[in-house]
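Structure, as structure tokens:
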Amino acid sequence: MRRDNSATATYNPAMAENIQVKLGERAYAVHVGRGLDGFSAVVPDCTARVIVTDQTVGRLYGQQFSQLLNARVITVPAGEDSKSLRQLESVFAQLLAPRDLVRQSVIIALGGGVIGDLAGFAAATLYRGVRYIQVPTTLLAMVDSSVGGKTAINHIAGKNLIGAFHQPHAVWCDIAFLETLPVREYVSGLAEVVKTAAIGSAALFATLEQEVSAILARNDAVVTRIIADCVRFKAAVVEQDELETTGRRAMLNFGHTLGHALENLYPGRWLHGEAVAIGMVAALRLSVERAALDPGVAERVVRLLQALGLPTNVPAELDAEAAAAVMLGDKKRGGAAVGFVLLKALGEPVVQPCTVDSSLLRTLMGPRDERT
Ligand SMILES: NC(=O)c1ccc[n+]([C@@H]2O[C@H](COP(=O)([O-])OP(=O)(O)OC[C@H]3O[C@@H](n4cnc5c(N)ncnc54)[C@H](O)[C@@H]3O)[C@@H](O)[C@H]2O)c1
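Residues 183 to 554 in my numbering are what the sequence shown spells out, letter by letter.
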């Protein structure tokens, strides 16, 4: 495999990677590269193929994929609200009405994490499970949500509460999709890249620091390498803990505890990665205090997030008590503990139960950002 550290490296097809997710009979390959050469070959021959996408992605790429795969297209509105029982019902109606689908049929999830989660859940439950292929079109979906088999929709009682583990048949990350992705969405996806490096690999972290401008310029060679590194890490975690029972998969929640509270208290205000970036910085403060993380390392992570254009301060208006209530969920307030993912060092995460009290909240909140 070629490794080129130059930010000006030009992409060539040999840089494409196929990463195996080794899960026995549920094993699959994740392709990372530019273009669709070889894509048709990973889509099984079957009587019916259906593409599920959102209106934005559908407008850009729906026709091309429909022709390429000889598949019909189901379109839902773009955005988180489509991860709903209502949209699921509409997707089922459109899947079932033409009566062309059988258990051997294939669903293609063409879109970001919302489509991957919605179409994946539909695939998990239709006829007790049909095959689906993830074709992620956002950076977040490429580096995180398309790999690992978690599918879900939201409920009024909370995010991702109705779901299933259902591994895809294949994942195809074509970095050409990133050309049309809005800057804010791209940068939001970079938060999950930084998260992966922080919990998984000091070497990847150093690469990110070196390649900030190439990353922001969406340099093909650099982006391909980084996505492949993130997928490799996620695949290894999923192989060790497919159904989130051994605790290994919980490490992926670094930055997500406070991040989820922000998303929950201000729906629609923060993109997922933005909330996670703020949550990671809060978790880093806690790591310095309680997991002996070198403050210099914490500072490096903050500097990298800032260089990539991500927010790092908890907004001034966030009420610490309200955040505590969300983080505790159903648990009784006062004295209850939350498992925080902390860092001992780059690549060394640890889950630590922390009592949610005023001292913890003071550390988490840190310096407030008056601008947000
Ligand atoms: N299953 C998992 O393991 C997992 C992990 C992390 C996140 N998630 C879920 O992922 C979702 C967030 O995913 P997301 O950030 O990809 O959001 P998203 O799917 O809503 O996509 C973001 C926006 O970008 C648009 N878009 C997508 N691809 C585009 C492209 N190539 N060009 C132009 N526009 C494009 C979409 O239409 C949408 O408006 C959340 O619901 C989250 O819960 C799931």
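We put the beta carbon where it would ideally sit given N, CA and C, even for glycine.
Owing to the predicted nature of the structure, the values given are computational and were not obtained by experimental measurement.
Check: Uninterrupted alpha helix (DSSP H) stretches inside the segment 383-435 (no shorter than 4 residues); Outcome: 384-392, 394-398 and 402-422
Check: Length of the line joining the Cα atoms of Thr406 and Val376; Outcome: 15 Å
Check: Cα-Cα separation between Leu468 and Glu445, rounded to whole angstroms; Outcome: 20 Å
Check: DSSP beta-bridge partners of Glu530; Outcome: Ala527
Check: Exposure label - Ala209; buried when at least 16 CB within 10 Å; Outcome: exposed
Check: Reduced DSSP secondary structure (H/G/I, E/B, other) of Arg285; Outcome: coil
Check: Spatial neighbours of Ala527 in its chain, beta-carbon cut-off 6 Å, leaving aside the 5 residues before and after; Outcome: none
Check: Contact between the segment 462-479 and the segment 533-550 (3+ Cβ pairs under 8 Å); Outcome: yes
Check: Ala196 burial status per 10 Å Cβ neighbour count (16 or more: buried); Outcome: exposed
Check: Three-state secondary structure assigned by DSSP to Gly491; Outcome: coil
Check: DSSP beta-bridge partners of His213; Outcome: Asn200 and Trp354
Check: Complete runs of the beta strand (DSSP E) confined to the segment 244-292 [at least 3 residues]; Outcome: 254-258
Check: heavy atom of ligand 1 below 8 Å from Asn342 C-beta; Outcome: yes
Check: Other residues of its chain near Met183: CB distance less than 8 Å, five sequence neighbours each side excluded; Outcome: Note that Met183 scores 40 on pLDDT, short of 50, meaning its location in the model is unreliable; the coordinates nonetheless yield the value given after this. Around Met183: Glu199.
Check: Test item: CB-CB of Val232 and Ala253 under 9 Å; Outcome: yes
Check: Start and end residues, alpha helix (DSSP H) containing Ile460; Outcome: His454 to Arg472
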